[in-house]
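S.K.:
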Amino acid sequence: MIKVIATTPYDDQKMGTGGLRKKTKVVMQPNYFENFMQAIFNTIGDLKGKTFVVGGDGRYFNDTAIQKLIKMAAANGVKKLIVGQNGFLSTPASSNILLKNKTDGGFVLSASHNPGGLDGDFGIKYANETGGQIPTKISDKIFENAKVLTEYKICDGPDVDLSKLGRQEVCGMEIEVIDPVDDYVAMMKGIFDFEALRKLFANGFTMRFDAMNAVTGPYARRIFEQELGAAKGSVINAKPLPDFGGLHPDPNMVHAKPLVDFMASPEATDFAAANDGDGDRNMILGKNFFVTPSDSLAIITDNYDKVPAYQKGIYGVAKSMPTSTAVERVASARHLDYYEVPTGWKYFVNLMDSNRITFSGEESFGTGSSHIREKDGIWAVLFWLSIIAATGKSVQEITEEFWHKYGRSYYVRFDFEGMPTEVGDKLMADLENRLPSLKGKVYGDYTVSEAAPFVYNDPVDHSSTKNGLIVKFTDGSRIVYRLSGTGSSGATLRVYIERYSKDQLNGDPLKMLTGLFNAAMEIAEVPERTGKHQADVVT
Ligand code: G1P
Ligand code: ZN
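So this is what it looks like as C-alpha cells:
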C-alpha cells in the first residue's frame, strides 16, 4: 500500500561539495530525510522504468534511512533498486555498479570522511546516469523543490531483509541485493596486473592498510590479503562500525596519526595507506615518509605506463584548482591535455565523458581515473603498489626521483574551522574586493604578481563556476583561499599554500612555507577577523 504523507518543507537542504551533509540529529528529525529524497524524485520526474543503485558506508542511521529510501522509491514508481548487501557500498563501488548496469543513478548514504554516530554527521550523495555526482544546476533544482514540498510518498510495508543476496519485491518494485565487493574486485583485476602484485608480496613486501573502521575494510581484506597475498592482519580497523569506533575517518596526517606514527616506528611496513569513510579518499605513506596528494596525482600520471589499463596511452589529466601545480609540469613534459577545475569531483565528470582526461585528483586526498566517475581510494593504493612492483623502488625513492626530475612543490593546507558563517562570508567578500589592490604589494620575501577569483568555464556544458580566490607571487608561489562546502555547521576557511623549488628538494614543508603563511594571514586579515593565529587543522 502506498501512503501519501503531508509534510512541512525544510529550507536547509542545499547540497554542497559532496552532496547533502548534516548533523545526524538534523537528518533524524521527522520527515527530514523523506523530504530530501522526495525533492530528488520530484526533480527527476517520471521514474517509471528507472533503476538506481543504493548503498552507504554503514554509518549510524544508514540502516533506517535505506529502508525509508527503498519504500519511497517503490511508492514513487521506480522499477528497480540494486542494493549492496546490508546496505554497504563504497562510493567507488557504487559508481562502478551504476555504470556497469547502465542504471539511471545512485545514492550513497555517507558523509564521506566526517565522523559518524548520533553526534556525528550523516549525508546523502546522489549520482546521475553519468556515474558521478550531479552538476550544480540539478542540485539547485532539488533545493528549490525541497523548499516547496508539501507531501511525500512511501510504501507501507515491512522492512526489507538486506542480508539476503538475490531478488525480492517491495510494493511492486524489484530489489536486487548484491555482494558489495565482487564487482569492484573484478574491475580492479581488469585494470591492474594482479599477478605482478602477487609476486611483490610473495617476495616479502609488507604493507599496512587502515580502513578506519569504515566501508573499505571488506574491500581491502579481499584485495590485499586474499587476492594479493599481503600478510593476514595487514588491513587494520577492517570492520565497518556505525560510529567508526570513534575515529574521524579522514585519511590525513592529523586524523590517521596512529598510522603515520606506526610508519615512523621500527616496526614500519614497506608501505602504508588509509581510506576514508566511504572509500574514495586515500593517503599514501612510505617508511617515515608522506606523499602529498598533489604529488601522488603527478607521480601516478608520470607512471601511467606501469599499469596495463593505461599502457596504450591516456587522455589528459585534471586537478582541482587548489591542488598543487606538480601535475601541470608532468602534463606539459608528456604532452597531455591539462585542466584545472573547481573543487569537487563532479567537475571532472564532463571531462571524462568527453575523453578529455583519464586521471584526476584533488589535494584533499582524492585520486582517480575514468574507470568510474568518483575518486577511488583503493585504486590509488593499487596504482602505487604497481609503481613499486615495476620499479623495485620505495615510496620515498619514487617521490624523490620525481622531485629531481620536475622540482618540488612544497604544499600545505591550513583549515580554520568552526567560525560563524557570517564571519567566513564577510572575510571572503572583503578579500575579493581588495584583490585588485594587492598587485605589487610586498610581504617579506614575496611580491604579489596577480590576485583574482578563480573562474572555471566548463568546455563541455559551457557552465561557469566561480570558486576560491588566488593570490600569486612573482616567484611562482601562490596562496588560495576558499570556504569549505562540506561542513555540517558553521564555516571553515581553507588556505592552501604552495611554493615551488627546482633544486631545493629536502626542505621541511612547514618551514619552507612560513613566510607565505604569514603573508596569507595578513592578506586576509585572519587573526583580526577570526581571533585565530594558527590553523585548527594542518594537512
Ligand atoms: C572537500 C575537499 C574537496 C572534496 C570534497 C568532497 O570539500 O576540499 O576537494 O571534493 O571535500 O570529498 P570542501 O569542504 O573543501 O568544500
Ligand atoms: Zn569520501
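Quick note: the sequence shown uses this note's numbering, first residue 1118, plus one each step.
We put the CB at the ideal spot given by N, CA and C, even for glycine.
These figures come from a predicted structure and were not determined experimentally.
#1: Using a Cβ-based criterion (distance less than 7 Å to any ligand heavy atom), does Asp1327 qualify as near the ligand ZN?
#2: Tell me the rounded alpha-carbon separation between Asp1300 and Asn1405.
#3: With a threshold of 7 Å (Cβ to nearest heavy atom), would Ser1566 be considered close to the ligand G1P?
#4: CB of Gly1394 to nearest heavy atom of the ligand ZN: below 7 Å?
#5: Roughly how far, in whole angstroms, is the beta-carbon of Ala1497 from the beta-carbon of Ser1413, given that I think they are within contact range, below 8 Å?
#6: Between which residues of its own chain and Met1324 is the CB-CB distance below 6 Å, once the five residues before and five after are set aside?
#7: If Gly1175 and Phe1153 are in contact, beta carbons under 8 Å, what's the gap, nearest whole angstrom?
#8: DSSP puts Arg1398 in a beta bridge; with which residues?
#9: Just to confirm, does His1372 get its C-beta within under 7 Å of one of the non-hydrogen atoms of the ligand ZN?
#10: Where do the N-terminal and C-terminal ends of the beta strand (DSSP E) with Lys1242 fall, by residue?
#11: Would you give the residue range spanned by the beta strand (DSSP E) that Ile1431 belongs to?
#12: Could you check which residue in His1650, Ser1211, Ile1119 has the C-alpha nearest to that of Asp1273?
#13: Which residues does DSSP pair with Leu1586 in a beta bridge?
#14: Rounded to whole angstroms, how far is the Cβ of Leu1499 from the Cβ of Met1305, which I believe are closer than 8 Å?
#15: Does the beta carbon of Ser1229 fall short of 7 Å from some heavy atom of the ligand ZN?
#16: Note down, one range per segment and in chain order, each beta strand (DSSP E) of at least 3 residues found wholly within the segment 1178-1262.
#17: Considering Cα atoms alone, identify which of Asn1399, Ser1449, Met1469, Lys1510 is closest to Ser1481.
#18: Which full runs of the alpha helix (DSSP H) of 4+ residues lie inside the segment 1451-1525, going along the chain?
#19: With DSSP collapsed to three states, give me the class of Arg1138.
#20: Alpha carbon to alpha carbon, how far is Gly1363 from Glu1342? Give it in angstroms, no decimals.
#21: State yes or no: is the C-beta of Thr1460 within less than 8 Å of the C-beta of Glu1479?
#22: Considering Arg1176, what are the terminal residues of the alpha helix (DSSP H) in which it resides?
#23: DSSP three-state label for Asn1392, please.
#24: Is Thr1208 near the ligand ZN, with its Cβ less than 7 Å from a heavy atom?
#25: Could you give the DSSP three-state label for Tyr1617: helix, strand or coil?
#26: Does the separation of the CB atoms of Gly1561 and Ala1637 fall below 8 Å?
#27: Helix, strand or coil: how does DSSP classify Glu1645 here?
#28: Could you tell me which of Thr1564, Tyr1617, Glu1534 sits nearest to Gly1648, measuring between CA atoms?
M.R.: Per the coordinate set shown:
#1: In the sequence shown, residue 1327 corresponds to position 210, counting from 1. No - the ligand ZN has no heavy atom lying nearer than 7 Å to the Cβ of Asp1327.
#2: Walking along the sequence shown from the start, residue 1300 turns up at place 183. Walking along the sequence shown from the start, residue 1405 turns up at place 288. Each residue's Cα considered, the two are about 34 Å apart.
#3: Locating residue 1566 in the sequence shown gives position 449, counting from the first residue. No, since every heavy atom of the ligand G1P falls outside the 7 Å radius drawn around the Cβ of Ser1566.
#4: By 1-based counting over the sequence shown, the position of residue 1394 is 277. Yes, since a heavy atom of the ligand ZN falls inside the 7 Å radius drawn around the Cβ of Gly1394.
#5: One-based indexing of the sequence shown puts residue 1497 at position 380. One-based indexing of the sequence shown puts residue 1413 at position 296. Right, their Cβ atoms sit about 7 Å apart.
#6: Here the question's residue 1324 lines up with position 207 in the sequence shown. Counting only Cβ-Cβ distances below 6 Å, and skipping sequence neighbours, we find Ala1347, Ser1351, Thr1386, Phe1388.
#7: Looking up residue 1175 in the sequence shown gives position 58. Looking up residue 1153 in the sequence shown gives position 36. 20 Å between Cβ atoms; not a contact.
#8: For the purposes of this step, residue 1398 is identified with residue 281 of the sequence shown, where counting begins at 1. Paired residues: Gly1483.
#9: Locating residue 1372 in the sequence shown gives position 255, where the first residue counts as 1. False, no ligand heavy atom lies under 7 Å from that Cβ.
#10: Start at 1 with the first residue of the sequence shown, and residue 1242 comes out as number 125. Segment 1238-1245, the beta strand (DSSP E) holding Lys1242.
#11: Mapped onto the sequence shown, residue 1431 falls at position 314. Where Ile1431 is concerned, there is no enclosing beta strand (DSSP E), given that its DSSP letter is neither H nor E.
#12: As a first step, residue 1273 is located in the sequence shown; it is residue number 156 there, counting from the start. When only C-alpha atoms are compared, the closest one is Ile1119.
#13: If you number the sequence shown from 1, residue 1586 lands on position 469. For Leu1586, which the question treats as bridged, DSSP gives the partners Pro1570, Tyr1598.
#14: What you label residue 1499 is simply residue 382 of the sequence shown in a count that begins at 1. What you label residue 1305 is simply residue 188 of the sequence shown in a count that begins at 1. Their Cβ separation, rounded to whole angstroms, is 6 Å, which keeps Leu1499 and Met1305 in contact under 8 Å.
#15: In the sequence shown, counting from the first residue as 1, residue 1229 sits at position 112. Yes, the Cβ of Ser1229 comes within 7 Å of a heavy atom of the ligand ZN.
#16: 1197-1205, 1222-1226, 1238-1245
#17: For the purposes of this step, residue 1481 is identified with residue 364 of the sequence shown, where counting begins at 1. Checking every option, the nearest Cα to that of Ser1481 belongs to Asn1399.
#18: 1463-1470, 1494-1508, 1512-1523
#19: As a working mapping, residue 1138 is identified with position 21 in the sequence shown. Arg1138: strand per DSSP, three-state reduction.
#20: Here residue 1342 refers to the residue found at position 225 of the sequence shown. Here residue 1363 refers to the residue found at position 246 of the sequence shown. The straight-line gap from Cα to Cα measures roughly 25 Å.
#21: As a position in the sequence shown, residue 1460 is number 343, starting the count at 1. As a position in the sequence shown, residue 1479 is number 362, starting the count at 1. Contact flag set, yes.
#22: Walking along the sequence shown from the start, residue 1176 turns up at place 59. Premise fails: Arg1176 is in no alpha helix (DSSP H) and is neither H nor E.
#23: Walking along the sequence shown from the start, residue 1392 turns up at place 275. DSSP places Asn1392 in strand when its eight states are reduced to three.
#24: As a position in the sequence shown, residue 1208 is number 91, starting the count at 1. The answer is yes for Thr1208.
#25: For this step, residue 1617 is matched to residue 500 along the sequence shown. Strand, per DSSP.
#26: Here the question's residue 1561 lines up with position 444 in the sequence shown. Here the question's residue 1637 lines up with position 520 in the sequence shown. Going by C-beta atoms, Gly1561 is not nearer than 8 Å to Ala1637.
#27: The residue labelled residue 1645 in the question sits at position 528 within the sequence shown. Here Glu1645 sits in helix by DSSP.
#28: Here residue 1648 corresponds to residue number 531 of the sequence shown, with the count starting at 1. The residue with the shortest Cα to Cα distance from Gly1648 is Glu1534.
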